[in-house]
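The sequence shown begins at 1 in UniProt numbering and counts up one residue at a time. All C-beta atoms, glycine included, are put in the ideal place defined by N, C-alpha and C. Predicted, not measured: the structure shown is a model, and the values here were computed from it.
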Amino acid sequence: MGVSPVKGSALGRRKTAYHVRKKSWCWTLLTTMTCTITCTPARWSSWSEWSECTADCTKIRRRQCIPGNGGKKTCSGKDTQSTPCSAEQCRTMELTRVREG
Numbered sequence: 001m002g003v004s005p006v007k008g009s010a011l012g013r014r015k016t017a018y019h020v021r022k023k024s025w026c027w028t029l030l031t032t033m034t035c036t037i038t039c040t041p042a043r044w045s046s047w048s049e050w051s052e053c054t055a056d057c058t059k060i061r062r063r064q065c066i067p068g069n070g071g072k073k074t075c076s077g078k079d080t081q082s083t084p085c086s087a088e089q090c091r092t093m094e095l096t097r098v099r100e101g
């Protein structure tokens with residue numbers, strides 16, 4: 001994904017004198033400046049470590065969507081992945097459940 005620069009301008013002004021009869025401030029234009037803001041798209045964080053094996057013999061990991069400061073605020077894709085545990089890990093899980101049960 002690319003980064004899109006956005007151009008704009010900012011206007012500054014200041015109070016210069018207080019008009020007693022009108023009971024208001026007089027304003028003076030200070031400056032107009034042009035600026036460019038670089039918009040960053042939403043992006044994914046790094047994946048977490050894999051979890052321990054769950055009761056159904058799978059493990060999961062997660063990531064978070066970090067919103068960008070421009071247009072798109074959501075990430076494409078899933079925030080969770082799962083994978084089967086190894087046969088050895090599943091046997092260990094079964095033995096643990098039998099001992100605890």
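- Query: What are the boundary residues of the beta strand (DSSP E) that P67 is part of?
  - Reply: Where P67 is concerned, there is no enclosing beta strand (DSSP E), given that its DSSP letter is neither H nor E.
- Query: Taking just the CA atoms, how far does N69 sit from S24?
  - Reply: Spanning the two alpha carbons is a distance of roughly 38 Å.
- Item | Collapsed DSSP secondary structure at C90 in the structure displayed | C90 falls in the helix class under three-state DSSP.
- Query: Can you tell me where the beta strand (DSSP E) with T40 in it begins and where it stops?
  - Reply: Counting along the chain, no beta strand (DSSP E) covers T40, and no H or E run does either.
- Contact under 8 Å by Cβ, A42 with I60: No, the pair does not count as a contact, with Cβ atoms beyond the cut-off.
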